[in-house]
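Notes for the one structure printed next.
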Amino acid sequence: MKIIPIRDAESLPIPHATTPDGPLFDRRGRTVRDLRISVTDRCNFRCVYCMPREVFDKDYPFLPRTQLLSFEEIVRVARVFVARGVRKIRITGGEPLLRKDIERLIEMLARIDGVELTLTTNGVLLPRMAQTLRDAGLHRVTVSLDGIDDAVFRRMNDADYPVERVLEGIAAASAAGFEAIKVNMVVKRGSNDQEIVPMARHFRHSGHILRFIEFMDVGASNGWKMDEVVSSRDVVARIAEHFPLEAIDPNYAGEVAERWRYVDGGGEIGVISSVTHAFCASCTRIRLSTEGKLYTCLFAQRGHDLRSLLRGGADDHAIDDALAGIWTQRDDRYSELRTAATAAAPKIEMSYIGG
Ligand code: SAM
Ligand code: SF4
Ligand code: SF4
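Note that our numbering numbers the sequence shown so that position 216 is 223, with each residue one more than the last.
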């Protein structure tokens, strides 16, 4: 059984033939390496750039439990992807630590050989969950934190969580044995850009890697405007004025974050220039939504339904066929084509698809 990609095939040639069970190439010659799995569309935060409270209010139609993929279904899909070359799995959401028994999913995914297993979280549940996650086999953790000033951070998360709570989460992750913890800060001009240098100062010499992410036009609810984006170039310049920086080589080809290190040995930072310097040409990511739809781009308008396949009795070959059909038709490069008009078009929400 095969599912037909929803997007119509366009007239580009397929640059590489795909052999059964071999690596998959999309229409631009990109392989599939990173699988991002969203395990819930719910969150305890209401970050202004992701789940603005006026949209994600008490009447918002979050997915009912029956629509979520089960852990068994998620693991089945993950295994098929790994057989096709995926080497990194990231668990995300919404807030993934809100998904009941998430440590059981981690344990199940950790049994798949040859994959780095990571998770992105807002951090507030880490104080009580970090050790369990580590023991379950999670390899790495990324914590989001949008400012070190309490008032700024509370305004950003719009749910009155204090900075201290996230710092406790980072400390708990560190104590549980997670190394080189990444700390993600989305920078929105006029909201938290004054926190760039204080965040850099706070995390220098900590062993954690602070990464600055340009504010993106994901979803349809965050009111994105180009002039609210602070470019990575600007971020680096602002930090370097206080703490000189030098560029360093990527860890591997196609790494999304550009790396910089403090000249005085204070550690490294990363900048992710999704808006000002698109990296679509090397994008090897695919995303599985909470309800089992596959998205080949963060900015896709439609996904491919895997859940009906899974629940309709399909075997692993059929799932593999579906994946191959979807990936080989992939032609996404939204960030290279972004204009004010594309930014205004409706897209799936970040909290649904996962970052
Ligand atoms: N709740 C978890 C968290 O915040 O870490 C995981 C899900 S969240 C959607 C994943 C990442 O996406 C976070 O680092 C978040 O800051 C980032 N993000 C959300 N909306 C964004 C936007 N509009 N532009 C850039 N990054 C965004
Ligand atoms: Fe929740 Fe993460 Fe979105 Fe913030 S960025 S609202 S923590 S899903
Ligand atoms: Fe990948 Fe789409 Fe982002 Fe480009 S815009 S880097 S194709 S997810």
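Cβ coordinates follow ideal geometry from the N, Cα and C atoms, glycine included.
Just so it is clear, the structure is predicted and the values come from calculations on it, not from any experiment.
> Which stretch, first to last residue, makes up the beta strand (DSSP E) that contains V278?
Replying inline: For the purposes of this step, residue 278 is taken as residue 271 along the sequence shown, with counting starting at 1. Where V278 is concerned, the enclosing beta strand (DSSP E) stretches over 275 to 279.
> Going by beta carbon distance, what residues of the same chain come within less than 7 Å of H209, once the five residues before and after it are set aside?
Replying inline: Counted from its first residue, the sequence shown places residue 209 at position 202. Answer for H209: I155, listed in chain order.
> Which one of N258, G230, F250 has the shortest CA to CA distance from Y269?
Replying inline: By 1-based counting over the sequence shown, the position of residue 269 is 262. Ranking the options by Cα distance to Y269, first place goes to F250.
>> Once the 5 residues before and after F367 are set aside, which same chain residues still bring their CB inside 7 Å of it?
In response: The question about residue 367 has no answer, for the chain in this structure spans 8 to 362.
>> Suppose you measure from the CA of T47 to the CA of T128; what does that come to, to the nearest Å?
In response: Stepping through the sequence shown from its first residue, residue 47 is reached at position 40. Stepping through the sequence shown from its first residue, residue 128 is reached at position 121. Approximately 12 Å, taken between the alpha carbons.
> Thinking just about the alpha-carbon of each residue, which of K300, G144, Q201, R135 is nearest to the one in Q74?
Replying inline: Start at 1 with the first residue of the sequence shown, and residue 74 comes out as number 67. Nearest of K300, G144, Q201, R135 to Q74, Cα basis: K300.
> What are the complete alpha helix (DSSP H) segments, minimum 4 residues, inside the stretch 202 to 254?
Replying inline: 203 to 210, 239 to 249
> What are the start and end residues of each continuous alpha helix (DSSP H) run of 4 or more residues lying completely inside the stretch 55 to 119, in chain order?
Replying inline: 78 to 90, 109 to 117
> In angstroms, rounded to a whole number, what distance separates the CA positions of L70 and C57?
Replying inline: Taking the sequence shown and counting its residues from 1, the one referred to as residue 70 is at position 63. Taking the sequence shown and counting its residues from 1, the one referred to as residue 57 is at position 50. Straight-line Cα distance between these residues: approximately 17 Å.
> Using a Cβ-Cβ cut-off of 7 Å (strictly less than) and excluding sequence neighbours within five positions of V417, which residues of its own chain qualify?
Replying inline: In the structure as shown, the chain begins at 8 and stops at 362. Residue 417 is therefore absent and cannot be evaluated.
>> Can you tell me whether I355 is helix, strand or coil according to DSSP?
In response: Position 348 of the sequence shown, counting from 1, holds the residue named residue 355. Three-state DSSP puts I355 in coil, outside helix and strand.
>> One question on the structure: do F32 and T335 come within less than 8 Å of each other, judged by their Cβ atoms?
In response: By 1-based counting over the sequence shown, the position of residue 32 is 25. By 1-based counting over the sequence shown, the position of residue 335 is 328. Cβ atoms of F32 and T335: closer than 8 Å.
> Do you know whose CA, among Y302, I360, G362, A329, lies nearest D338's CA?
Replying inline: As a working note, residue 338 is residue 331 in the sequence shown. If we check each option's Cα against that of D338, Y302 comes out closest.
> In chain order, what residues place their C-beta within less than 7 Å of a heavy atom belonging to ligand 3?
Replying inline: S281, A285, F286, C287, C290, R292, C304, L305, F306, D339, R340, Y341, S342, E343
> Would you call L330 buried or exposed, if buried means 16 or more other Cβ atoms sit within 10 Å of its Cβ?
Replying inline: Residue mapping note: residue 330 aligns to position 323 of the sequence shown, counting from 1. The residue in question, L330, is buried, as its Cβ has 16 or more Cβ neighbours within 10 Å.
> Quick one: does the C-beta of F52 sit closer than 7 Å to a heavy atom of ligand 2?
Replying inline: Taking the sequence shown and counting its residues from 1, one reaches residue 52 at position 45. Under cutoff, so the answer is yes.
>> On the CB-based measure, 16 or more other CB atoms within 10 Å of its CB, does N199 come out buried or exposed?
In response: By 1-based counting over the sequence shown, the position of residue 199 is 192. Counting Cβ neighbours within 10 Å, N199 comes out buried, since at least 16 surround it.
> What is the DSSP secondary structure of L132, reduced to helix, strand or coil?
Replying inline: Sequence index remark: in the sequence shown, residue 132 carries index 125 (1-based). In the structure shown, L132 sits in coil (DSSP, three-state: anything other than H, G, I, E or B).
>> Let me confirm a value: Y259 is counted as buried when at least 16 other C-beta atoms fall within 10 Å, else exposed. Which label applies?
In response: Taking the first residue of the sequence shown as position 1, residue 259 is located at position 252. Exposed.
> To the nearest angstrom, how far is it from the Cα of A182 to the Cα of A254?
Replying inline: Position 175 of the sequence shown, counting from 1, holds the residue named residue 182. Position 247 of the sequence shown, counting from 1, holds the residue named residue 254. Taking the straight line from one Cα to the other gives about 30 Å.
> Does DSSP classify T349 as helix, strand or coil?
Replying inline: The residue given as residue 349 occupies position 342 in the sequence shown. In this structure, T349 counts as helix in the three-state DSSP scheme.
> Would K354 be called buried (16 or more neighbouring beta carbons within 10 Å of its own) or exposed?
Replying inline: Residue mapping note: residue 354 aligns to position 347 of the sequence shown, counting from 1. The residue in question, K354, is buried, as its Cβ has 16 or more Cβ neighbours within 10 Å.
> For the alpha helix (DSSP H) that F159 lies in, which residues bound it at each end?
Replying inline: Within the sequence shown, the letter at position 152 stands for residue 159. The sequence shown places Val at residue 159, rather than the Phe named in the question. Residues 157 to 164.
> Closest to I276 by CA distance: which of M192, M136, G320, T139 is it?
Replying inline: Residue numbering aside, residue 276 sits at position 269 when the sequence shown is read from its first letter. That would be M192, whose Cα lies nearest to the Cα of I276.
>> Just verifying my parser: in three-state terms, what is the DSSP assignment at D327?
In response: Numbered from 1 along the sequence shown, position 320 holds the residue referred to as residue 327. Three-state DSSP puts D327 in a helix.
> Can you round the beta-carbon distance between R162 and P169 to whole angstroms, since I take them to be within the 8 Å contact cut?
Replying inline: On the sequence shown, position 155 is the one that residue 162 refers to. On the sequence shown, position 162 is the one that residue 169 refers to. Their Cβ separation, rounded to whole angstroms, is 12 Å, which puts R162 and P169 out of contact at 8 Å.
> Near E343, which residues of its chain fall below 6 Å by C-beta distance, leaving aside the five closest residues on each side in sequence?
Replying inline: Counted from its first residue, the sequence shown places residue 343 at position 336. Counting only Cβ-Cβ distances below 6 Å, and skipping sequence neighbours, we find A285, C287.
> Tell me, which residues are paired with E265 by DSSP?
Replying inline: Working through the sequence shown from its first residue, we reach residue 265 at position 258. According to DSSP, which records beta bridges pairwise, E265 is partnered with V278.
> Buried or exposed: which applies to D234, given that a residue is buried once 16 or more other Cβ atoms fall within 10 Å of its Cβ?
Replying inline: For the purposes of this step, residue 234 is taken as the residue at position 227 of the sequence shown. Result: exposed.
>> I'd like the list of long-range same chain contacts for P20, defined as Cβ closer than 6 Å, with 5 residues on each side in sequence excluded.
In response: Counted from its first residue, the sequence shown places residue 20 at position 13. Any reading at P20 needs caution, since the residue's pLDDT is 33, under 50, leaving its predicted position unreliable; the model's value is listed next. Within the same chain, P20 has no close Cβ partners at all.
>> With H, G and I counted as helix, E and B as strand and the rest as coil, what does DSSP make of V170?
In response: For the purposes of this step, residue 170 is taken as residue 163 along the sequence shown, with counting starting at 1. If DSSP states are grouped into helix, strand and coil, V170 belongs with the helices.
>> According to DSSP, is T125 part of a helix, a strand, or is it coil?
In response: Counting from one through the sequence shown, the residue named residue 125 turns up at place 118. In this structure, T125 counts as strand in the three-state DSSP scheme.
> Name the DSSP bridge partner or partners of I177?
Replying inline: The residue labelled residue 177 in the question sits at position 170 within the sequence shown. Answer is none; I177 lacks a bridge partner.
> Any idea what DSSP makes of R37, helix, strand or coil?
Replying inline: In the sequence shown, the residue the question calls residue 37 occupies position 30. Coil, per DSSP.
>> Can you confirm whether the stretch 82 to 102 touches the stretch 305 to 324 when touching is taken to mean that 3 or more C-beta pairs between the two stretches lie within less than 8 Å?
In response: yes
> For T4, which beta-bridge partners are listed by DSSP?
Replying inline: Residue numbering for the chain in the displayed model covers 8 to 362; residue 4 lies beyond these limits and cannot be assessed.
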